[in-house]
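**Student:** Pasting in a structure now, in structure tokens, and then I'll have a few things to ask.
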Amino acid sequence: LFAKGYLHRDISIGNILARDKPQERTPAMIEKNDAILSNQDCLGFIIDGDLAIEWEEHYRPVKHCPGTLPFISYRILDAWSINKPTLHTAIDDLESFAWVVLFAAL
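For the sequence shown, the positions run 1 to 106 when this note's numbering is used.
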């Protein structure tokens, strides 16, 4: 998503689906998605992009806290707790992935 210019803003355990078996991507799939791929196999999906925004919209701070509470980055939660508008960044999405990995490991 980031390579395509989007922030997901709701990375959570329920929004990541893993495949039972990797599916090989066809050349048509790779060309259609125009993504940077390190692996030709599709291992999973990120779903529920209703809170996703384009980077061009990134400059507008939000007062509400988008996302699933246990997986929101600490920086966003801290700003939200004092009712301070803040920008959601790609680093916040990456931190959400870290919380998902920790949640799944426990």
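Glycine included, each C-beta is placed from N, C-alpha and C at the ideal position.
Under a three-way DSSP split, which group does I47 fall into?
**Tutor:** In the structure shown, I47 falls within a coil segment according to DSSP collapsed to helix, strand and coil.
**Student:** Who are C65's beta bridge partners in DSSP?
**Tutor:** For C65, which the question treats as bridged, DSSP gives no partner whatsoever.
**Student:** What do you get for H8, buried or exposed, if any count of 16 or more other CB atoms within 10 angstroms of its CB means buried?
**Tutor:** buried
**Student:** Quick check: what's the CA-CA separation for P66 versus K21?
**Tutor:** Those two C-alpha atoms are separated by around 32 Å.
**Student:** For a quick check, are the C-beta atoms of G49 and L1 less than 9 Å apart?
**Tutor:** yes
**Student:** Enumerate in chain order the residues of its own chain whose CB-to-CB distance from I53 is below 6 Å, with the five nearest sequence positions on each side excluded.
**Tutor:** L7
**Student:** Buried or exposed: which applies to W80, given that a residue is buried once 16 or more other Cβ atoms fall within 10 Å of its Cβ?
**Tutor:** buried
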